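> 77 is the number of the first residue of the sequence shown in the numbering used here; add one for each residue after it. Yeah, the Cβ is synthetic: ideal placement off N, Cα and C, and Gly gets one too. Predicted, not measured: the structure shown is a model, and the values here were computed from it. Structure below; questions to follow.
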Amino acid sequence: MLDTDNNGSGRLPLVTLVPNLVTILGLCFGLTSIRFTFADQFHFAAGLLILAALVDGLDGLLARRLNASSPFGAELDSLSDFVCFGVAPALMVYHFGLERLAGMGWLAALFFAICCCLRLARFNVAAKAETSDGKSFTGVPAPAGAMLGIFPVTLYLAGFADLRDMQILIAIWVVFVGAMMIARFSTISLKAMRVDRDNVVYVLLGAALIIGLMLTRIWLFHVCATVIYLAILGWGLVRRRA
């Protein structure tokens with residue numbers, strides 16, 4: 077149940093509900109994405125998943141800022157993440173480019189969704205045991221995994237490539253991304269990143285350019301962000317092995 081206030085009256089300050097409302101908003105984005113997927117409106121479906129990923133970063137931040145963290149909110153967030161970043165992208169990629177593979181395509185989609193579920197379960201256990209330092213993740217986080225998973229869709233929407241005649245390649249990609257979510261290697265967390273005071277202006281300028289690209293060329297932004305993220309992952313793995 078939701079936590080009560082300090083006097084035990086069973087009433088909650090309205091502000092403490094804000095993070096949960098944001099989580100529910102993200103869940104609505106994910107569920108509506110599924111609707112647009114099966115209406116073959118992939119631009120809306122993918123756009124809503126990107127919005128869900130952006131919203132996912134807000135609920136935890138708001139909970140900390142408003143001192144509104146609760147076990148209920150944590151469980152709600154995890155369930156929402158599974159729908160938005162496990163079920164919705166798996167169904168999107170399946171309907172987009174795996175249906176003609178019949179059972180094999182569905183197995184690839186199932187593998188992705190189950191890997192996301194396992195990733196979230198492992199994260200929840202680590203959070204409760206307080207074994208995570210918050211400076212890195214173990215494996216690719218669920219939102220990032222979802223954004224990687226829908227890469228074949230956004231490649232098509234950006235006009236770069238239509239991979240729907242290369243179902244085997246899409247299936248391999250989906251399985252690869254799912255495996256990265258449950259892998260044991262460390263990936264960087266934005267919380268661990270620090271900016272030199274002398275470079276703040278440049279960082280803000282870069283952020284403005286990124287936001288502008290998101291607002292004007294969202295699919296190009298997604299493709300570029302995916303390639304950059306993969307490059308960062310590869311660089312991190314090479315550096316750890318060196």
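Cβ of Pro217 within 8 angstroms of Cβ of Gly149?
Stepping through the sequence shown from its first residue, residue 217 is reached at position 141. Stepping through the sequence shown from its first residue, residue 149 is reached at position 73. Against a cut-off of 8 angstroms, the Cβ pair of Gly149 and Pro217 comes out as no contact.
> To the nearest angstrom, how far is the alpha carbon of Tyr278 from that of Glu151?
Along the sequence shown, one-based indexing puts residue 278 at 202. Along the sequence shown, one-based indexing puts residue 151 at 75. Between Tyr278 and Glu151, the C-alpha separation is close to 38 angstroms.
> By DSSP, does Ile264 sit in helix, in strand, or in coil?
Here residue 264 refers to the residue found at position 188 of the sequence shown. Strand.
> Quick check: the Cα distance between Asp116 and Gly102, rounded to an integer number of angstroms?
The sequence position of residue 116 within the sequence shown is 40, counting from 1. The sequence position of residue 102 within the sequence shown is 26, counting from 1. Rounded to whole angstroms, Asp116 to Gly102 spans 21 angstroms at the Cα level.
> Going by C-alpha distance, which of Leu107, Glu175 and Thr92 is nearest Leu137?
Here residue 137 refers to the residue found at position 61 when the sequence shown is read from its first residue. Measuring from the Cα of Leu137, the nearest candidate turns out to be Thr92.
> Under 8 angstroms between the Cβ atoms of Ile226 and Val169?
Reading the sequence shown from its first residue, position 150 is the one you call residue 226. Reading the sequence shown from its first residue, position 93 is the one you call residue 169. Contact: yes.
> If you count every other CB in all the chains shown that lies within 10 Å of the CB of Trp295, and 16 or more means buried, which is it?
The sequence position of residue 295 within the sequence shown is 219, counting from 1. So Trp295 counts as buried.
> Tell me which same chain residues have a C-beta within less than 8 angstroms of the C-beta of Leu239, skipping the five on either side of it?
Here residue 239 refers to the residue found at position 163 of the sequence shown. Gly173, Pro228, Leu231, Tyr232, Leu245 and Ile246, listed in sequence order.
> I need the straight-line Cα distance from Leu142 to Ala128, nearest angstrom please.
On the sequence shown, residue 142 is found 66 positions in, with the first residue counted as 1. On the sequence shown, residue 128 is found 52 positions in, with the first residue counted as 1. About 21 angstroms.
> Name the DSSP beta bridge partners of Thr92, please?
Working through the sequence shown from its first residue, we reach residue 92 at position 16. Its beta-bridge partners do not exist; DSSP assigns none.
> From the DSSP output, read off the bridge partner residues of Thr214.
As a working note, residue 214 is residue 138 in the sequence shown. Thr214 pairs with Ser262.
> Give the DSSP-derived three-state secondary structure of Ser145 in the structure shown.
Within the sequence shown, residue 145 is the residue found at index 69, counting from 1. It is coil, neither helix nor strand.
> Quick check on DSSP: helix, strand or coil for Ala237?
Indexing the sequence shown from 1 puts residue 237 at position 161. Three-state DSSP puts Ala237 in coil, outside helix and strand.
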